[in-house]
Structures are given as C-alpha cells and as structure tokens.
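The sequence shown: position 48 = 493 (the numbering used here), numbered continuously. Each residue gets a CB set at the ideal place from its N, CA and C atoms; glycine is no exception. Take a look at the structure set out below.
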Amino acid sequence: MTILYEDEYIICDDDALTILYYYFPFGDKRIPYKKINQVSTQEMTWWRGKTRIWGGSLSYWLNLDPKRPWKDKLIIIDEGELTKPVITPDNPEQVYQILLTKTHNL
Numbered sequence: 446m447t448i449l450y451e452d453e454y455i456i457c458d459d460d461a462l463t464i465l466y467y468y469f470p471f472g473d474k475r476i477p478y479k480k481i482n483q484v485s486t487q488e489m490t491w492w493r494g495k496t497r498i499w500g501g502s503l504s505y506w507l508n509l510d511p512k513r514p515w516k517d518k519l520i521i522i523d524e525g526e527l528t529k530p531v532i533t534p535d536n537p538e539q540v541y542q543i544l545l546t547k548t549h550n551l
C-alpha cells in the first residue's frame, strides 16, 4: 500500500481515506474511495468548524483535530450516509486533489 498523503489525522493511500480519531474515544474511520459519492471544500469560519475540536451534529462529524482553530479550509466527504465526515488536513489542497482524482477514476 502506497501512502499518497499523511499527517497527524489523515491518511490517503492507494485504496482509501483513513480519518484518524474519528470515533470517540479513539476509533479511526476508513472510507474506500469507491464509496465516496462527492467531495467539496469550504472556507472554515468561526461559525463553520473553527471552534469545533471534535464532534458535530447529525449532518456533519469532525474528527479530533486540536489544530483546527488555526486552519482555513475543510473538506466534506459525502458517502451517501446521513452524517457526512468533515476533515481538516494540514494540506487541504493536496488531499482535495487526491480525493477528486481517486473518486473520478473509479
């Protein structure tokens, strides 16, 4: 398995996106690229994610990331479920491009 991107909380390999510290207390979530319907990116504001270190709502769930208040972009993963995972990688542009490439080449 080749790692395409890795930081403290996100791993993109050849087959899937792994979101570390997604479930409480410390469970990871692995999403095969073939299960991802759509990815989108948004600017993060104090009202949209910056103040949330972990958790969310019925619609969106953010993994543990204590550095989130100092980040500017978030990526929303739509895998067809009610709750969409939201990630804030250290390099959001690189992860977004990997996800676009991997989900459109299936």
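Cβ-based burial, residue i [other Cβ within 10 Å; buried from 16]
i: G500; result: exposed
i: W492; result: exposed
i: M446; result: exposed
i: K547; result: buried
i: G525; result: exposed
i: D510; result: buried
Where residue i sits in the DSSP three-state scheme
i: W515; result: helix
i: Y454; result: coil
i: I481; result: coil
Close-in-space but distant-in-sequence residues of the same chain around residue i (CB under 6 Å, 5 per side omitted)
i: S485; result: I521
Bridge partner(s) assigned by DSSP for residue i
i: W506; result: G501, P530
Extent of the continuous beta strand (DSSP E) to which residue i belongs
i: T546; result: First-last for T546: 537 to 549, but that is the alpha helix (DSSP H), not the beta strand (DSSP E).
7 Å Cβ shell around residue i - same chain, five flanking residues per side excluded
i: D458; result: M446, T447, I448, L449
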